[in-house]
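Add 1477 to the 1-based position in the sequence shown for this note's numbering, that's all there is to it.
Each residue gets a CB set at the ideal place from its N, CA and C atoms; glycine is no exception.
These numbers were taken from a predicted model, which means no experiment stands behind them.
First the structure, in the form of structure tokens, and then the observations on it.
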Amino acid sequence: MQANDPMQPPVWRQLLQLLRPFSKRIAIALLLSVVTIGSSIALMMTSAWLISTAALQLGITSLGVAPTGVRMFGISRAVFRYLERLASHDVTFRLLARLRVWFYERIEPLSPAQFEAFSSGDLMARVVTDIEELQNLYIRVVAPPIVAVLVTISVGFVFALLDPLIALIAVSFMLVAGTLLPYMVWWIGKHIGRHLVAVRATMNQQLVDTIQGLPDSLAYGYAQSQLSALQSTNAQVSERERQESRLESLHTGLSVLMTNLAMFCVLVAAIGRVEGVFLAVVALGTIAAFEAITPLALAAQHLDKELTAASRVFEMIANAPVIEEPETTVSAPLTDYSLSIQNVSFRYGDADPYIYEDFSLDLAYGQRAAIVGESGSGKSSLVNILLRFWPYQAGDVSLGGVDLKSLPHEDIRRIFGVMTQRVHLFNTTIMENIRIANKPASDDAIIEAAKAARVHDFIMSLPEGYDTYVGENGVALSGGERQRVALARILLKDAPIWVLDEITANLDPITANEVMASVMQAAEGRTIILMTHHLAFLKTFQFDAIIEL
């Protein structure tokens, strides 16, 4: 489904669908919230009646069960408030957990093809900041209006038992405060929330880009310019937050004004219509009832923020994967890993030139092929084709006579082991960085893979050995060491077909030859597809096929 698909449901409807699995928990939380506010109103009204009656000095018997009621409502308010907070935050955190899993499940099939339009900073802002913003969906946007409606109906019913006019006045003020004030807050600040979400995302994007490119920025004297841009964006965030705070202060003042005005009008209307002891009852009951109305303006203030964050999240997942899982799959060949590429034509977009036209390659299991070409000639695109990251427009690719398109993606990525010039090491230990190739692997198996990759001795020379943290992107290791860790990773995976994409591109000649020798020795008996622009390797190592792009 494309991002501009007219059949796509509105953002608010998609958000409500995310809440549907928690409908029972939400119902419990809403009930507890209504009961909590009801206990507060009952406490205020009972206390007012008790004090008013006691002031008449009619004797202790005239108070009846009012003292017991005050104690009961006081205790119940605290208990119900605790249970309401517990239930509400349970919904919030369950929603946040579901949002993260739901979002990852939908972006995983889109990678990497659909992510080219997003920078890493923008991705982080959407995955982290926008998702966390949506955790407020229930507690700040959905719950307040529902609770306000239920409390308003209940207050109207109770006050009507005393006098219909009093009920009409109280409910009228609650309706005005619950509709006009939130609308005014929304109208005044309708751009503040969405701008705040957008500018925070921009700041996160700039922050990530600045940190990732800090060494180059310092080397070329660009750091001050990036810092100035970051400070400018941060100033915009601060200004939006100040605007939001001023708007909240305005709403708070108007809410207090409406609450006291409602109390005054109810009190004036009650004079002569109810007994004297009930004047304080309706006055304080009205004040307590506005506890359900006050959060509505805050809900209106958060509405735009939630919708903007949701729009950014849904924008990422709205596009369909460029490659879908096959509807009917064939089990991957377990013994025959012969690779056949016949007359394949490939380009990334309809307006782009073809990178491959009628490209063919046949390799029996265990054979080696070298694909030689300059940077930009399309060598890396073969990785995208073989791993089914991108679809090819024409031709056939098969493994053991089985069409690659009919194989489950997980099986394809189990069969191919890929090693590229850009090795990504996570900010964890060397042991865990190798283990990602085969999660169930034992420590002994990882050590054997490291020995085969000729990196074990280096690892053991480190103070922490295999428990050494390599830093962000493996910054604590040299280029050659990172490549050897990647080799240990691919060895641990034990894939039958290795695709090696410019694995020595950033290494000095001596290290490059050492790494290549280690790779070729470790890959003995496997199918190898080497993509390189170093012709020297073709003389040093034996290849069954050499293709020049």
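Identify the continuous alpha helix (DSSP H) that holds Thr1785 and give its terminal residues.
By 1-based counting over the sequence shown, the position of residue 1785 is 308. Counting along the chain, the alpha helix (DSSP H) containing Thr1785 begins and ends at 1772-1794.
Skipping 5 residues on each side, what residues in its chain have a beta carbon closer than 8 Å to that of Glu1802?
Translated into the one-based positions of the sequence shown, residue 1802 becomes position 325. So the list reads Pro1586, Pro1885, His1886, once near-sequence residues are dropped.
Spatial neighbours of Ile1770 within its chain, please: CB distance less than 7 Å, with the 5 preceding and 5 following residues excluded, ordered by chain position.
Start at 1 with the first residue of the sequence shown, and residue 1770 comes out as number 293. Non-local beta-carbon contacts of Ile1770 in its own chain, meaning distances under 7 Å to residues more than five positions away in sequence, involve Ala1625, Met1651, Ala1654, Gly1655 in chain order.
So which of Leu1954, Val1962, Met1680, Gly2002 has the shortest CA-CA distance to Leu1600?
Taking the sequence shown and counting its residues from 1, the one referred to as residue 1600 is at position 123. For Leu1600, the nearest C-alpha among the options comes from Met1680.
N-terminal and C-terminal residue of the beta strand (DSSP E) that Leu1840 is part of
As a working note, residue 1840 is residue 363 in the sequence shown. Counting along the chain, the beta strand (DSSP E) containing Leu1840 begins and ends at 1833-1840.
Is the region 1704-1721 close to the region 1742-1758, with three or more CB pairs under 8 Å?
no
Would the region 1588-1605 count as touching the region 1513-1532 if we require 3 or more Cβ pairs under 8 Å?
no
For Phe1570, is the classification buried or exposed, using 16 other Cβ atoms within 10 angstroms of its Cβ as the cut-off for buried?
On the sequence shown, position 93 is the one that residue 1570 refers to. Its Cβ having fewer than 16 others within 10 Å, Phe1570 is exposed.
DSSP three-state assignment for Asn1990, whether helix, strand or coil
Walking along the sequence shown from the start, residue 1990 turns up at place 513. Looking at Asn1990 - three-state DSSP - the assignment turns out to be helix.
Distance CB(Phe1823)-CB(Ile1794) smaller than 9 Å:
For the purposes of this step, residue 1823 is taken as residue 346 along the sequence shown, with counting starting at 1. For the purposes of this step, residue 1794 is taken as residue 317 along the sequence shown, with counting starting at 1. No, the pair does not count as a contact, with Cβ atoms beyond the cut-off.
With a threshold of 16 other CB atoms inside 10 Å of the CB of Thr1812, please say whether the residue is buried or exposed.
Numbered from its first residue, the sequence shown carries residue 1812 at position 335. When all chains shown are included, Thr1812 counts as exposed.
Return the chain-ordered list of same chain residues with a C-beta closer than 7 Å to the C-beta of Phe1791, the five sequence neighbours on each side being excluded.
As a position in the sequence shown, residue 1791 is number 314, starting the count at 1. Cβ neighbours of Phe1791 beyond the five flanking positions: Val1488, Gln1491.
Per DSSP, what kind of secondary structure is Glu1582 in: helix, strand or coil?
Counting from 1 along the sequence shown, the entry for residue 1582 is found at position 105. Residue state, collapsed to three classes: helix.
Pairing CB atoms from the region 1615-1623 with CB atoms from the region 1631-1640, are three or more of them under 8 Å?
The answer is no - the region 1631-1640 does not touch the region 1615-1623, with fewer than three Cβ pairs under 8 Å.
According to the Cβ coordinates, are Lys1782 and Leu1639 closer than 9 Å?
Looking up residue 1782 in the sequence shown gives position 305. Looking up residue 1639 in the sequence shown gives position 162. Contact: no.
Could you tell me whether the region 1964-1976 touches the region 1994-2013, where touching means 3 or more Cβ pairs closer than 8 Å?
yes
Below 8 Å, can you find three or more Cβ-Cβ pairs linking the region 1575-1590 to the region 1603-1616?
When C-beta atoms of the region 1575-1590 are compared with those of the region 1603-1616, three or more pairs fall below 8 Å, so the two segments count as touching.
From Phe1499 to Tyr1615, what does the alpha carbon distance come to, in whole angstroms?
One-based indexing of the sequence shown puts residue 1499 at position 22. One-based indexing of the sequence shown puts residue 1615 at position 138. Answer to the nearest angstrom: the Cα atoms are 10 Å apart.
Could you tell me whether the Cβ atoms of Phe2020 and Ala1846 are closer together than 9 Å?
Position 543 of the sequence shown, counted from the first residue, corresponds to residue 2020. Position 369 of the sequence shown, counted from the first residue, corresponds to residue 1846. A contact, by the Cβ cut-off of 9 Å.
Using three-state DSSP, classify Pro1483 as helix, strand or coil.
Here residue 1483 corresponds to residue number 6 of the sequence shown, with the count starting at 1. Its pLDDT being 42, under 50, Pro1483 is placed unreliably in this model, and the coordinates cannot settle the point.
Hey, would you say Ala1678 sits closer than 9 Å to Arg1603, going by beta carbons?
Numbered from its first residue, the sequence shown carries residue 1678 at position 201. Numbered from its first residue, the sequence shown carries residue 1603 at position 126. Against a cut-off of 9 Å, the Cβ pair of Arg1603 and Ala1678 comes out as a contact.
Starting from the Cα of Val1685, find the closest Cα among Thr1606, Val1996, Ala1647 and give me that residue.
On the sequence shown, residue 1685 is found 208 positions in, with the first residue counted as 1. Ranking Thr1606, Val1996, Ala1647 by Cα distance to Val1685 puts Thr1606 first.
Within a Cβ cutoff of 6 Å, which residues of the same chain sit near Ser1694, ignoring the five residues on either side of it in sequence?
Working through the sequence shown from its first residue, we reach residue 1694 at position 217. Excluding residues within five positions, the ones whose Cβ falls inside 6 Å are Ala1700, Gln1703.
Cutting at 6 Å between CB atoms, please list the residues of its own chain near Ala1929, excluding the five before and the five after it.
Position 452 of the sequence shown, counting from 1, holds the residue named residue 1929. Cβ within range, chain order: Leu1968, Ala1999.
State the Cα-Cα distance for the pair Thr1736 and Leu1509, rounded to the nearest angstrom.
The residue given as residue 1736 occupies position 259 in the sequence shown. The residue given as residue 1509 occupies position 32 in the sequence shown. Computed Cα separation, rounded: 23 Å.
Between Ile1907 and Tyr1943, which are expected to be in contact by the criterion C-beta below 8 Å, what is the C-beta distance as a whole number of angstroms?
On the sequence shown, residue 1907 is found 430 positions in, with the first residue counted as 1. On the sequence shown, residue 1943 is found 466 positions in, with the first residue counted as 1. Confirmed, about 5 Å.
Going by DSSP, which residues form a beta bridge with Arg2029?
The structure shown has nothing for residue 2029, since the chain only spans 1478 to 2026.
Express the C-alpha separation of His1728 and Ala1774 in angstroms, rounding to a whole number.
Stepping through the sequence shown from its first residue, residue 1774 is reached at position 297. Stepping through the sequence shown from its first residue, residue 1728 is reached at position 251. So the two alpha carbons sit approximately 7 Å from each other.
Taking all protein chains shown into account, decide if Met1937 is buried (16 or more other Cβ within 10 angstroms of its Cβ) or exposed.
Walking along the sequence shown from the start, residue 1937 turns up at place 460. It is exposed - the Cβ of Met1937 has fewer than 16 other Cβ atoms within 10 Å.
Going straight from the alpha carbon of Trp1664 to that of Leu1731, what length do you get?
As a working note, residue 1664 is residue 187 in the sequence shown. As a working note, residue 1731 is residue 254 in the sequence shown. Cα to Cα, the separation comes out at about 15 Å.
What is the residue span of the beta strand (DSSP E) that Asp1978 lies within?
Taking the sequence shown and counting its residues from 1, one reaches residue 1978 at position 501. Start and end: 1974-1978.
Our contact map puts Phe1893 next to Ala1972 with C-beta atoms below 8 Å; I'd like the distance itself, whole angstroms only.
Position 416 of the sequence shown, counting from 1, holds the residue named residue 1893. Position 495 of the sequence shown, counting from 1, holds the residue named residue 1972. That pair is a contact at about 6 Å.
Taking only the alpha-carbon atoms, compute the straight-line gap between Phe1592 and Asn1796 and give it to the nearest angstrom.
For this step, residue 1592 is matched to residue 115 along the sequence shown. For this step, residue 1796 is matched to residue 319 along the sequence shown. Cα to Cα, the separation comes out at about 10 Å.
Classify Leu1696 as buried or exposed, calling it buried when 16 or more other Cβ atoms lie within 10 Å of its own Cβ.
Taking the sequence shown and counting its residues from 1, the one referred to as residue 1696 is at position 219. Note that residue 1696 is Ala in the sequence shown, not Leu. Flag for Ala1696 reads exposed.
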